[in-house]
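Okay, so here's the structure we're looking at.
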Amino acid sequence: MPQRNVGLLVAGVAAVAGLAGCGGATSPASGRETAPPAVSSSEPVASAPVEGTTAVRTVKLEVLGEGRAVQPIMYVGDFNGTETGGMTLPWSKTVTLELTPAEQKVGKLVSVVAGGVQTTDGQIAEGSCRISVDGRKVVAAKGLCEYKVK
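If you read the sequence shown in full-length UniProt numbering, its first letter stands for residue 1, the second for the next number, and so on.
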């Protein structure tokens, strides 16, 4: 191989190795790896919740009415699930949520989808739902109920 081609090959390999990073930062003077830069004190740092600061909430999800659910009842939170098989109405599920300090500030989303229900006279209607937190009704609607528990 001519001398010029060998020089180009070496330069090309060095450029690719430099772009790839080859495992970490190196000190220009010593060629040894250096530690990553420290995080600025002005940047927020995530911390683990302090023990004993969780809040406990009792959440009750309901699909109201009489008759049967003709579509699945779906619910979301710490307790995701689907109830199928023509559930008898009214239907409810009660769960206990433990909220971290962050969840107490921004909320934890819970929801229930009522779907279609068959009324006692055989008609199909949009289901009604309700969410209660610690015994207090926080939302009631048709079809979908959502709430951020804090």
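Glycine included, C-beta positions come from ideal geometry on N, C-alpha and C.
Which of helix, strand or coil DSSP assigns to residue i
i      : result
Pro101 : helix
Exposed unless 16 or more other CB atoms sit within 10 angstroms - verdict on residue i
i      : result
Gly65  : buried
Gln118 : buried
Arg130 : buried
Ile73  : buried
Val56  : exposed
Leu109 : exposed
Gly115 : buried
Glu103 : buried
Val106 : exposed
Gly77  : buried
Reference residue i; option with closest CA among the options
i           : options                           : result
Ser132      : Val59, Gly116 and Glu98           : Val59
Gly127      : Asp134, Gly135, Ala140 and Arg136 : Ala140
Ser92       : Leu144, Cys145, Leu61 and Thr53   : Leu61
Asp121      : Thr54, Arg68, Val112 and Lys137   : Arg68
residue 152 : Thr54, Gln71 and Tyr147           : The structure shown has nothing for residue 152, since the chain only spans 1 to 150.
Phe79       : Leu97, Gly135, Thr54 and Ala125   : Leu97
Val149      : Gly81, Val95 and Thr84            : Val95
Gly86       : Val63, Thr53, Thr54 and Pro101    : Val63
Lys142      : Ala125, Thr84, Thr100 and Gly135  : Ala125
Sheet register partners of residue i (DSSP bridge)
i      : result
Thr88  : Arg68
Ala114 : In DSSP, Ala114 forms no bridge with anything.
Thr82  : Met74
Thr94  : Lys60
Val133 : Val59 and Arg136
Val149 : Lys108
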